[in-house]
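A.B. asks: When the letters of the first sequence are read in order and numbered with our numbering, they come out as residues 5 to 222. Handing you this structure, nothing more for now.
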Amino acid sequence: MGIKRQLMDIYRRLYAAFGSRNWWPADSAEEVIFGAILTQNISWKNVEQALATLKAEGTLSFKAVAGMGEQRLAELIRPARFLNQKARGLKVFAGYFGERYGFSIKRMMKQDMGVLRDELLNLYLIGPETADSILLYALEKPVFVIDVYTKRIFSRHGFLEMEDSYDAYQRFFMGNLLPDVKLYNEYHALLVHAGNQFCKPKPNCTPCPLNNLRKSST
DNA sequence: GGCCAGGACACCA
DNA sequence: TGGTGTCATGGC
């Protein structure tokens, strides 16, 4: 079986096991971006607390963030860890979003995907994974998001090495899947769900729906 | 009570 | 370019 078919086979197994994940968990595109920045290297449970606080304070918008002090913002997002870094990251994004797109997600969505990705990667605290999460889940652009679970799952099943670069993983997926926002959305969400449940750093994959799966030679 | 979570960046050689 | 330290919370 070729790589393309294997990738779709894995997708179907995950979907059959877990169903639609309905990602990203947020009420708005802006909330997706808050979450994408806040979730860096931290569990989603912590992010939820920070988002709830921002929401309760009426500051879950980049217009609000642009108008508030970095110190106060840091206090509001404390549960999300690395609070000073992330407060600065949110402020920087708010400045960019306001100046370049007038705080309009609609206007941003009209921009070319490659241009957007370069712009995002030039912002403080937005690396490849955060940029691609924003592109896919907030702006509905067909980019495949790579995260630690994706790497773990596909390295343990013999497709790539854990040490391979973000770009190498992304080329692997995007070179073998059609550019489909819905597919990329669901696939990555399923990988995170599977990873959360079964693919811990110390392998313990007994009930995993991908058990016994190995890369077959093409 | 230790481990680790849906990363990114700075600094050094 | 790669290797390593820093950031500094909360759940399990």
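No residue lacks a Cβ here, since even glycine has one placed at the ideal position from N, Cα and C. Note that the coordinates shown come from a computational prediction; the quantities given were computed from them, not determined experimentally.
Unbroken alpha helix (DSSP H) runs of length 4 or more, entirely within the segment 95 to 137: which are they?
C.D. replies: Counting only runs of 4 or more, we get 109 to 113, 117 to 125, 132 to 137.
A.B. asks: Locate the alpha helix (DSSP H) running through glycine 39, then write down its first and last residues.
C.D. replies: Start and end: 33 to 42.
A.B. asks: Considering only their Cβ atoms, is the gap separating proline 183 from proline 132 smaller than 8 Å?
C.D. replies: In this structure, proline 183 does not lie closer than 8 Å to proline 132 by Cβ.
A.B. asks: Reducing DSSP to helix, strand and coil, say where asparagine 65 ends up.
C.D. replies: Residue 65 is actually serine in this sequence, not asparagine. If DSSP states are grouped into helix, strand and coil, serine 65 belongs with coil.
A.B. asks: Could you say if the segment 76 to 89 and the segment 112 to 123 meet the contact criterion of at least three C-beta pairs nearer than 8 Å?
C.D. replies: Too few Cβ pairs lie closer than 8 Å, so no.
A.B. asks: By the DSSP assignment, the alpha helix (DSSP H) with asparagine 200 in it spans what residues?
C.D. replies: Per DSSP, asparagine 200 belongs to the alpha helix (DSSP H) from 185 to 202.
A.B. asks: Within 10 angstroms of its Cβ, does leucine 18 collect 16 or more other Cβ (buried), or is it exposed?
C.D. replies: Buried, because 16 or more other Cβ atoms sit within 10 Å of the Cβ of leucine 18.
A.B. asks: Can the beta-carbon of serine 24 be found less than 8 Å from the beta-carbon of glutamate 190?
C.D. replies: A contact, by the Cβ cut-off of 8 Å.
A.B. asks: Where does isoleucine 46 fall in DSSP's three states?
C.D. replies: Of the three classes helix, strand and coil, the one that applies to isoleucine 46 here is coil, per DSSP.
A.B. asks: Could you work out which residue in Ile150, Asp122, Ile37 is closest to phenylalanine 97 when comparing CA atoms only?
C.D. replies: If we check each option's Cα against that of phenylalanine 97, Ile37 comes out closest.
A.B. asks: I need the boundaries of the alpha helix (DSSP H) containing phenylalanine 177, first residue and last residue.
C.D. replies: 170 to 178 is the extent of the alpha helix (DSSP H) around phenylalanine 177.
A.B. asks: With leucine 195 and isoleucine 157 assumed to form a contact (beta carbons below 8 Å), what rounded beta-carbon distance in angstroms separates them?
C.D. replies: Right, the Cβ-Cβ distance comes to about 6 Å (below 8 Å), so this counts as a contact.
A.B. asks: From Ala68, Phe202, Lys49, Lys90, pick the residue whose C-alpha is nearest to that of proline 29; which is it?
C.D. replies: Answer by Cα proximity: Lys49.
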